[in-house]
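The structure appears right after this line, and notes come after that.
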Amino acid sequence: MNMKNIKKIFCGSLVLLLASCSPKVTTTNYYFDPVNGDDTNKGTTVQAPFKSLTKLNQLVLKGGDSILLKSGAIFAEKLFLSCSGEEDSPIVLGKYGGTDKPHVKGNGVDTAAVHIFNSENLVIRDIEISNRGNAPKAGLFGLWVELDKFGESHNMSINNLYIHDVYGSTVIEEGGGMGMCIQNGRDNDSIFNRFVGMNIENCYIKDCQRDGIKFRGYWIRSQWNPNLKVVIRNNVLDGVPGDGIVPVGCDGALVEYNVMKNCPRTLPESEACDGIWPWCSDNTIVQFNVVSDHKSIIDGYAYDSDWGCKNSVFQYNLSYNNDGGFMLVIGTDGWPEDWCLNGNIETKVRYNVSINDGLRNYLTNASHEDAYFSPVMHFTGYTQNTLVENNLFYLFPKSEPQIDRTLFHFTKHDSSYGKGDTFKNNYIYAPEVTVVVKEEKAVDNQYLGNVYVGSLQTPATGFKKHEGPFSKSLWYNAEDKNWDILLDFLKGKTVPINGKELKVLDVIGAN
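This is how it looks when you write it as structure tokens:
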């Protein structure tokens with residue numbers, strides 16, 4: 019035997035020896051059953067589960083451990099959990115014993131039915147959560163994921179939750195309720211916190227007031243410690259009257275494949291809210307979402323690029339039947355540089371479809387001269403270098419004469435108007451006389467290559483009338499693959515118009 023083979027045998031034997039000497043990592047499952055459990059049990063088998071969720075406070079959890087709630091059981095108590103798993107071995111909070119979700123049922127007394135505090139490397143999945151008392155309560159949540167003097171929390175996964183009937187206050191200044199609150203900080207924290215890797219996926223949020231999925235983070239730029247690697251994907255918000263999905267204080271958040279629908283007009287007239295929007299966040303991507311039927315008395319837009327944001331991208335989204343309109347872009351000015359990013363900088367709005375938006379037919383107390391204010395797109399305050407391109411705006415006839423018939427409207431916010439926004443290669447169907455732009459005192463805007471079918475009151479340049487039908491031949495460009503991405507997303511989707519369910523591809527002339 020030559021020396022080379024001897025070395026191979028020796029190295030292989032050494033590897034086996036080291037593997038056999040390595041300590042075996044053990045993990046533990048803890049089972050909870052509110053009916054058949056007993057807190058004197060060890061809780062580590064299905065046959066001898068714990069009864070009360072308060073036992074969680076006595077457990078020393080490590081990476082790979084699981085907290086498993088009995089399928090279909092109702093836990094009429096608060097669930098509080100603070101733990102840290104390992105990067106490749108997270109702790110899991112989930113269910114066992116069946117397909118039905120266990121229900122953590124709050125009674126509106128505790129701030130949250132499920133409170134996750136100062137945790138990381140944690141998976142939360144397959145649980146039903148509610149929190150309803152006899153009357154709306156300020157600051158009430160279904161799920162509350164909170165950091166306080168913790169630093170960085172890594173790898174949080176929230177998956178397949180059913181959150182419903184969170185009976186919170188409808189007034190944001192009083193502490194509006196939320197189905198899901200993700201909180202990484204408060205003003206003037208001594209230790210700045212943030213989430214690095216926060217996934218919220220496949221959740222169903224039903225009949226929660228005021229809001230759906232909302233972050234609470236640092237918005238003051240001198241304290242800005244943005245959350246990173248935030249993904250909010252494939253969630254459904256149904257019957258939420260206020261704000262839908264709001265990443266706050268994030269950098270690079272991805273919000274995609276979410277649906278918000280059936281937003282009732284139940285908030286007070288003081289409350290402005292929209293569907294999906296970042297606030298004081300940079301480089302947010304909002305794509306492949308559907309928002310419809312937002313009935314908020316103030317605003318009520320499907321999408322919003324809010325103030326303090328930079329380089330937000332809204333693409334491949336669908337919006338329809340929203341009272342306010344398709345989108346709000348808002349900037350503010352006059353703040354010290356260490357407090358807030360002045361304006362709204364370089365928002366990009368491209369390859370979206372808006373159908374029958376801007377339907378407000380009731381008076382509001384808003385400061386607009388037009389009390390029925392609901393343009394399809396509203397630009398207010400210091401918006402800088404917004405790009406609106408390659409979008410489809412399909413307007414149906416309005417049901418009442420007083421309803422706003424404006425496509426793009428610029429108004430003042432604080433002391434400023436927009437500057438240098440660009441609108442190019444957009445395609446508009448307007449069967450009634452519609453004002454295309456009300457600039458007021460906005461300056462340096464550009465309008466290039468926009469095409470419309472119907473009756474549009476246009477500025478001198480930048481909008482060209484097409485005498486043929488509104489169809490794919492008008493707006494589709496085979497060399498631009500973004501159109502194929504949009505059309506693939508729209509397949510099978512329908513919109514209800516005047517009592518009829520219409521295919522989106524038929525409406526925009528793609529079939």
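Per the numbering used here, the sequence shown starts with residue 19, numbered consecutively. Even for Gly, the Cβ is constructed at its ideal location relative to N, Cα and C. Just so we're clear, the structure is a prediction, and the values are computed from it rather than from any experiment.
Where the beta strand (DSSP E) through W162 begins and ends: From DSSP, the beta strand (DSSP E) with W162 extends over F159 to E164.
Residues near T440 by beta carbon distance below 6 angstroms, same chain, minus five either side: Taken in chain order, the residues that qualify are L405 and Q464.
Separation of F344 from F481, as counted between CA atoms: Rounded to whole angstroms, F481 to F344 spans 20 angstroms at the Cα level.
C-alpha distance - D256 paired with N379, whole-angstrom precision: If you draw a straight line from the Cα of D256 to the Cα of N379, it comes to about 23 angstroms.
Complete beta strand (DSSP E) runs within the region 185-260 (minimum length 3 residues, chain order): Segments of the beta strand (DSSP E) lying fully in the region 185-260: 196-201, 212-219, 222-224, 229-234, 245-251 and 254-256.
Backbone secondary structure at K518 - three-state DSSP: DSSP places K518 within a strand segment (E or B) once states are collapsed to three.
CB contact below 9 angstroms: P514 versus chain B: Judged by its chain identifiers, the structure shown contains no chain B, having just a single protein chain.
Limits of the alpha helix (DSSP H) - the one that N500 falls within: Segment K499 to L508, the alpha helix (DSSP H) holding N500.
Three CB pairs or more closer than 8 angstroms across the region 151-161 and the region 181-196: The region 151-161 and the region 181-196 touch, with no fewer than 3 CB-CB distances between them shorter than 8 angstroms.
With 16 other Cβ atoms within 10 Å as the buried cut-off, status of L79: Under a 10 Å Cβ-count criterion, L79 is classified as buried, with 16 or more other Cβ atoms of the shown protein chains found around its own Cβ.
For K490, the first and last residue of its enclosing alpha helix (DSSP H): Per DSSP, K490 belongs to the alpha helix (DSSP H) from K490 to W493.
Given 8 angstroms, three or more beta-carbon pairs between the region 332-340 and the region 352-370: Pairwise C-beta distances place the region 332-340 in contact with the region 352-370, as three or more of them are shorter than 8 angstroms.
Residue burial classification, E164 (beta-carbon count within 10 angstroms, cutoff 16): Under this definition E164 is a buried residue.
Range of the contiguous beta strand (DSSP E) that encloses E442: For the record, residue 442 in the displayed sequence is Lys; it is not Glu. T440 to K442 is the span of the beta strand (DSSP E), which, as asked, contains K442.
Buried or exposed by the 16-neighbour rule on C-beta atoms within 10 Å, applied to L87: L87 is buried by the Cβ-count criterion.
Burial state of A91, where buried means 16 or more other Cβ atoms lie within 10 Å: That one is buried.
Whole-angstrom distance between H427 and G486, CA atom to CA atom: Going from the Cα of G486 to the Cα of H427 covers about 27 angstroms.
Residues bridged to W297 [DSSP beta-bridge criterion]: In the DSSP assignment, the residues bridged to W297 are V266.
First and last residue of the uninterrupted beta strand (DSSP E) at D322: In the DSSP assignment, D322 falls within the beta strand (DSSP E) that extends over Y319 to S323.
Through-space distance from T45 to Y180, alpha-carbon basis: The C-alpha of T45 is placed about 27 angstroms away from the C-alpha of Y180.
Exposure of L97, with buried meaning 16 or more beta-carbon neighbours within 10 Å: Here L97 is buried: its Cβ has 16 or more other Cβ atoms, across all protein chains shown, within 10 Å.
Opening and closing residue of the beta strand (DSSP E) in which H312 lies: Judged by DSSP secondary structure, H312 falls outside any beta strand (DSSP E); it is assigned neither H nor E.
When E105, S107, N202 and A94 are compared against I134, the one with the closest alpha-carbon: Here the closest residue by C-alpha is N202.
Neighbourhood of S84 by C-beta distance below 8 angstroms, restricted to the same chain and skipping five residues each side: Leaving aside the five residues that flank S84 on each side, the residues in its chain whose CB is nearer than 8 angstroms to its CB run, in chain order, T45, T46, N47, Y48, I109, V110, L111 and G112.
Identified DSSP bridge partners for C281: Residue pairing by DSSP puts C281 in a beta bridge opposite H312.
Residue from G103, S107 and D144 with nearest C-alpha to K119: Considering only alpha carbons, the answer is D144.
Buried or exposed by the 16-neighbour rule on C-beta atoms within 10 Å, applied to A320: The residue in question, A320, is buried, as its Cβ has 16 or more Cβ neighbours within 10 Å.
Beta-carbon separation (whole angstroms), L71 vs E95, contact threshold 8 angstroms: Sure, about 5 angstroms apart at Cβ, within 8 angstroms.
Helix, strand or coil at T72 according to DSSP, with G and I counted as helix: Note: T72 maps to helix in three-state DSSP.
Option in K224, E458 and V394 with minimal Cα separation from K430: Measuring from the Cα of K430, the nearest candidate turns out to be E458.
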